[in-house]
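Residue numbers (the numbering used here): 1352 to 1604.
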């Protein structure tokens, strides 16, 4: 009986870290979906009357894209406010140029709604800040990998706070989910300016012990050899416990 309890404890101690790692990895991987893909070149209607495509806007300066909707009672307002404050604190424009596009993902939002949002945050006359709408919002959010869900009861979208970095070639270089600090924002600005960020090891033929493998061409994530190595001790220990339990039962019968 002592052996059975001992092995059961070992199983639990082995499984819990593996589960934690697996859950953490899945959470991080949502930011990797569609990374390096070219975003849909949507026609934009910007506050102030300008009409330009997403790629044309990005050609002048790379873009920090914030996806919001004007009637949001949740995370949209804190997202824009924190973005504004963090960018002012970082003061990166001279070193790492960028523009900010606050784009509504709500098909019912009008340009007047986004103008009111810009006024509310005192960003109407702020250089390199753009607020706008597009008739091709579904194509944009699909290319970003952003999936807001409409809640009919609340009359609100259930969605993540999201910032995406868009390079001058229209490719998404980095994605941030949730309200993030200035350090993460700096990394996003660096990514759209082609500054090397030693955050992730690029996939190569020698990367055989990673838990998951990400293919930037397809945007798909598959289990890697490293995950099998982590899980194997759990499986072996579990099978050992089952074997001991069966042996104990045979002795008692």
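Even glycine gets a Cβ: it sits at the ideal position worked out from N, Cα and C.
| Item | Value |
| --- | --- |
| Please classify residue 1554 as buried or exposed, where buried requires at least 16 other C-beta atoms within 10 Å of its C-beta. | Low per-residue confidence applies at residue 1554: pLDDT is 49, beneath 50, and the placement is therefore not dependable, though the value from the model is reported in the following sentence. Counting Cβ neighbours within 10 Å, residue 1554 comes out exposed, since fewer than 16 surround it. |
| Which residue comes first and which comes last in the beta strand (DSSP E) that contains residue 1410? | It is not in any beta strand (DSSP E) - residue 1410 instead sits in the alpha helix (DSSP H) that spans 1405-1411. |
| Our contact map puts residue 1484 next to residue 1455 with C-beta atoms below 8 Å; I'd like the distance itself, whole angstroms only. | 5 Å |
| Have a look at residue 1517 and residue 1394 and give me their C-alpha separation to the nearest angstrom. | 15 Å |
| So, residue 1523 versus residue 1437, is the Cβ gap smaller than 8 Å? | no |
| For a quick check, are the C-beta atoms of residue 1448 and residue 1412 less than 8 Å apart? | yes |
| Which residues in the same chain as residue 1374 place their Cβ atom closer than 7 Å to its Cβ, once the five residues preceding and following it in sequence are excluded? | Confidence at residue 1374 is low in this model, with a pLDDT of 38, below 50, so the placement of that residue is unreliable and no value is reported for it. |
| Could you tell me which residues DSSP pairs with residue 1396 in its beta bridges? | 1402, 1484 |
| Nearest CA to the CA of residue 1383: which residue from 1533, 1514, 1534? | 1514 |
| Is residue 1344 buried or exposed, if buried means 16 or more other CB atoms sit within 10 Å of its CB? | Nothing can be reported for residue 1344: it is not among the residues displayed for the chain, which extend from 1352 to 1604. |
| For residue 1429, which residues in the same chain have their Cβ closer than 7 Å to its Cβ, ignoring the five residues on either side in sequence? | 1530 |
| For my contact list, residue 1460 and residue 1420 are in at a C-beta cut-off of 8 Å; report their separation, rounded to the angstrom. | 6 Å |
| I'd like the list of long-range same chain contacts for residue 1525, defined as Cβ closer than 6 Å, with 5 residues on each side in sequence excluded. | 1516, 1539, 1542 |
| Start and end of the alpha helix (DSSP H) containing residue 1419? | Where residue 1419 is concerned, there is no enclosing alpha helix (DSSP H), although the beta strand (DSSP E) it sits in stretches over 1414-1419. |
| Roughly how many angstroms separate the alpha carbons of residue 1474 and residue 1423, rounded to a whole number? | 18 Å |
| Under a Cβ-count criterion, where at least 16 other Cβ atoms within 10 Å of its own Cβ denotes burial, should residue 1500 be classed as buried or exposed? | exposed |
| Would residue 1546 be called buried (16 or more neighbouring beta carbons within 10 Å of its own) or exposed? | exposed |
| Since residue 1409 and residue 1496 are thought to touch, with beta carbons under 8 Å apart, how far apart are those beta carbons, to the nearest angstrom? | That belief does not hold up - the Cβ atoms of residue 1409 and residue 1496 are roughly 18 Å apart, past 8 Å. |
| Using 10 angstroms around the beta-carbon of residue 1432, count the other beta-carbons present and answer buried if the total reaches 16, otherwise exposed. | exposed |
| In the DSSP assignment, the alpha helix (DSSP H) including residue 1460 goes from what residue to what residue? | Neither: residue 1460 is in no alpha helix (DSSP H) and is coded neither H nor E. |
| Considering Cα atoms alone, identify which of 1527, 1493, 1391, 1463 is closest to residue 1399. | 1463 |
| Buried or exposed: residue 1504, going by 16 or more other Cβ atoms within 10 Å of its Cβ? | exposed |
| Taking the straight line between their C-alpha atoms, what separation do you get for residue 1492 and residue 1426? | 17 Å |
| Pick out the complete beta strand (DSSP E) segments inside the region 1466-1547, 3 residues or longer, and give them in chain order. | 1480-1485, 1500-1502, 1507-1509, 1513-1517, 1523-1528 |
| Among 1403, 1457, 1532, 1533, which one has its Cα closest to the Cα of residue 1502? | 1457 |
| Go ahead and label residue 1580 buried or exposed: buried means 16 or more other beta carbons lie within 10 angstroms of its beta carbon, across all protein chains shown. | exposed |
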